[in-house]
Amino acid sequence: MDIRTRLTGGNVVFRKNIDRALILKVATKAEPMVAILSCSDCRVDPEKIFNLSIGDAYVVRIAGNSASEQAVLGSLEYAVETLQVPALLVLGHTGCGAVKAAIEGKAPEGLVRVAHDIDLARHRLSGYHVNSADAVAEENVRLQMRQIAGNSQTIRDAMASGRLAVLGAMYDLTTGSVRLL
Ligand SMILES: [Zn+2]
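In our numbering, the protein residues as written are 160 to 340.
Structure, rendered in structure tokens:
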């Protein structure tokens, strides 16, 4: 099937099944319960894996779920400062292609900062974990949690006042389960 037909047809089905009241409610005001920084991987769908509805999550996605790009951090700051989200979750996952590419030195040029972060995370590990993409992905989640707080005064202030919790989690591609770190 042509992709245009698939997408427009999908939207017709979406609109048919839509909860009109919910759509109108969230159209009036964005009030997400959580901001999620996730990998772009098509198998990691934050709204689906947490059984969330439209309007529940403010999601920023980038390969390798890294907040080193200024616009990624800025997007999270927007969620914290303007939308006043009470929680920010960094979501990594097993079998991450971005992590594997960075370990193998094969990350695309434009992902240089993401690859650098993954390298930093990798160097915090020892033994066989150094070559385990899943261990590196988990360490990268911890690194991002620290960097988000370290690089943003807005987010630091929100955490210090007790208004914001920063969480980390790993999603398992093979089981669909999420483990909070
Ligand atoms: Zn990934």
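Yeah, the Cβ is synthetic: ideal placement off N, Cα and C, and Gly gets one too.
Nothing here was measured: the structure is a model prediction, and the numbers come from that model.
The alpha carbon of residue 249 has as its nearest neighbour, out of 166, 308 and 174, the alpha carbon of 308.
Pairing residue 213 with residue 181 gives a Cβ-Cβ distance under 8 Å. If you compare the alpha carbons of 239, 257 and 235 with that of residue 297, the shortest gap goes to 257. If you draw a straight line from the Cα of residue 284 to the Cα of residue 193, it is about 29 Å long. The nearest non-hydrogen atom of ligand 1 is less than 7 Å from the C-beta of residue 198.
For the 8 Å CB-CB criterion, residue 314 and residue 231 do not form a contact. Secondary structure of residue 266 (DSSP, three-state): coil. Rounded to whole angstroms, residue 226 and residue 215 show a C-alpha spacing of 21 Å. Around the Cβ of residue 271, a 10 Å sphere holds fewer than 16 other Cβ atoms; the residue is exposed. In this structure, residue 327 has its CB at a distance of at least 7 Å from all heavy atoms of ligand 1.
With a threshold of 16 other beta carbon atoms within 10 Å, residue 208 meets it and is buried.
Spanning the alpha carbons of residue 279 and residue 164 requires a straight line of approximately 43 Å. Within the stretch 229-313, the runs of alpha helix (DSSP H) that reach at least 4 residues and sit entirely inside it are, in chain order, 229-240, 256-262, 271-282 and 292-310. Under the 10 Å beta carbon count, residue 312 is surrounded by fewer than 16 other beta carbons and is classified as exposed. Here residue 251 is near residue 329, since their CB atoms are less than 8 Å apart. In chain order, 214, 217 and 242 place their CB closer than 8 Å to the CB of residue 189, counting only its own chain and leaving out the 5 sequence neighbours on each side. The beta carbons of residue 303 and residue 196 sit about 7 Å from each other, so the pair counts as a contact at 8 Å.
Taking the CA atoms as reference points, residue 264 sits about 39 Å from residue 167.
Taking the Cβ of residue 269 as the reference point, every heavy atom of ligand 1 lies at 7 Å or farther away.
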